[in-house]
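Enquirer: What follows is a structure written as structure tokens; I'll ask about it next.
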Amino acid sequence: MEKLALRYEGKAKKVYDTDQSEYFWVAYKDDATAFNGEKKGQIADKGEVNNLLSALFFEELEKSGIPTHYVRLISNRDMLVRRLEMIPLEVVVRNIVAGSLSKRLGVEEGYVLSQPVVELYYKDDALGDPLVNESHVSAMGWASAVVVQEVQALGLKINELLKKILVKAGIDLIDFKLEFGIVDGKVYLGDEISPDTCRYWDIETREKLDKDRFRRDLGRVEEAYQEVFRRVKEALAHS
Ligand code: TMP
Numbered sequence: 000m001e002k003l004a005l006r007y008e009g010k011a012k013k014v015y016d017t018d019q020s021e022y023f024w025v026a027y028k029d030d031a032t033a034f035n036g037e038k039k040g041q042i043a044d045k046g047e048v049n050n051l052l053s054a055l056f057f058e059e060l061e062k063s064g065i066p067t068h069y070v071r072l073i074s075n076r077d078m079l080v081r082r083l084e085m086i087p088l089e090v091v092v093r094n095i096v097a098g099s100l101s102k103r104l105g106v107e108e109g110y111v112l113s114q115p116v117v118e119l120y121y122k123d124d125a126l127g128d129p130l131v132n133e134s135h136v137s138a139m140g141w142a143s144a145v146v147v148q149e150v151q152a153l154g155l156k157i158n159e160l161l162k163k164i165l166v167k168a169g170i171d172l173i174d175f176k177l178e179f180g181i182v183d184g185k186v187y188l189g190d191e192i193s194p195d196t197c198r199y200w201d202i203e204t205r206e207k208l209d210k211d212r213f214r215r216d217l218g219r220v221e222e223a224y225q226e227v228f229r230r231v232k233e234a235l236a237h238s
């Protein structure tokens with residue numbers, strides 16, 4: 000597989016064309032941003048953790064029948080993925096109140112929701128990814144009503160599968176963000192599943208093991224990323 004022209008550079012990943020038009024080469028970076036790019040930094044070896052951890056999760060999801068863009072690892076920092084027509088939405092699933100939901104509803108972080116909440120955000124940096132609902136998505140033509148239903152259902156199914164893996168790693172899945180795309184009319188999970196895109200709390204100590212350590216200057220950022228990867232790898236090895 001050959002890496003060709005840089006197609007797109009995001010805040011955490013670079014996407015390259017390959018010699019096969021149906022695949023992209025994704026290179027994970029150590030760069031970290033928060034608050035829509037206002038805060039910038041680096042997290043040493045984040046690229047490796049996010050690539051390898053995402054690969055583990057994608058493999059597990061595929062085993063449970065969730066179509067993902069993941070094809071195979073190329074290196075510790077690089078992944079081969081199926082090229083998707085991306086749906087311009089961030090699908091957030093929440094089990095416990097944290098982050099923007101805590102602020103929006105005035106509910107303290109840690110409040111346990113009686114059922115998972117699914118939210119849709121329109122992916123647009125210039126607008127700061129505004130919260131939208133199903134009718135906005137259909138009316139704006141960002142996705143059909145059927146596809147919006149499907150990504151929300153997939154989000155809930157993925158939540159159950161991830162929670163089951165993470166609990167074995169002693170981690171509570173607080174919330175996470177997914178992105179989806181379409182090939183030949185079929186919906187696939189894209190992007191990544193990592194400490195950048197999820198909130199993970201230690202089940203016992205409630206210590207934060209995710210990007211909130213960077214966002215909130217809590218220290219031990221690299222250690223948290225490594226810790227999650229180590230625990231998930233071990234949990235899957237024993238399952
Ligand atoms: P929020 O509480 O800031 O809305 O974040 C909800 C979840 O989505 C959290 O696990 C972090 C993740 N997330 C991203 O992956 N990218 C983003 O740009 C934002 C704002 C959140």
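Residue numbers (numbering that gives the first Met the number 0): 0 to 238. Idealized CB from N, CA, C, for every residue including glycine.
#1: With a threshold of 6 angstroms on Cβ separation, who are the neighbours of I192 within its own chain once the five nearest residues in sequence on each side are excluded?
#2: What's the C-alpha gap between L188 and E178?
#3: Hey, quick one: how far does the beta strand (DSSP E) through I181 stretch, first residue to last?
#4: Is any heavy atom of the ligand TMP found at a distance shorter than 6 angstroms from the C-beta of T272?
#5: Going by DSSP, which residues form a beta bridge with W200?
#6: Answer with buried or exposed for V166, where buried requires no fewer than 16 other C-beta atoms within 10 angstroms of its C-beta.
#7: So, are the CB atoms of L153 and K162 less than 7 angstroms apart?
#8: Looking at K176: is its Cβ nearer than 7 angstroms to the Cβ of V111?
#9: Based on DSSP bridge pairs, tell me the residues matched to F23.
#10: Based on the DSSP secondary-structure assignment, which residues constitute the bridge partners of G40?
#11: I need the straight-line Cα distance from P66 to D16, nearest angstrom please.
#12: Considering only the alpha carbon of each residue, which of L3, V186 and Y224 lies closest to Q148?
#13: Identify every residue that forms a DSSP beta bridge with L88.
#14: Can you tell me where the beta strand (DSSP E) holding K2 begins and where it ends?
#15: Can at least three beta-carbon pairs, one atom from the segment 40 to 53 and one from the segment 72 to 85, be found at a separation below 8 angstroms?
#16: Between which residues of its own chain and E1 is the CB-CB distance below 7 angstroms, once the five residues before and five after are set aside?
#17: Any idea what DSSP makes of S113, helix, strand or coil?
#18: In terms of residues, what are the limits of the beta strand (DSSP E) holding V220?
#19: When burial is assigned at 16 or more other CB atoms within 10 Å of the CB, is P194 buried or exposed?
#20: For E133, which residues in the same chain have their Cβ closer than 6 angstroms to its Cβ, ignoring the five residues on either side in sequence?
#21: Hey, would you say V220 sits closer than 7 angstroms to Y199, going by beta carbons?
#22: Would you kindly report the start and end of the unbroken beta strand (DSSP E) that includes V136?
Expert: If we stick to the structure as given:
#1: S53 and F56
#2: 6 angstroms
#3: F179 to V182
#4: Outside the displayed range of the chain (0 to 238) lies residue 272, so it cannot be described from this structure.
#5: D171 and K207
#6: exposed
#7: no
#8: no
#9: D16 and V80
#10: A31
#11: 21 angstroms
#12: V186
#13: Y121
#14: K2 to E8
#15: yes
#16: T17 and D18
#17: strand
#18: No beta strand (DSSP E) holds V220; the alpha helix (DSSP H) holding it covers V220 to A236.
#19: buried
#20: V147
#21: no
#22: Where V136 is concerned, there is no enclosing beta strand (DSSP E), although the alpha helix (DSSP H) it sits in stretches over E133 to M139.
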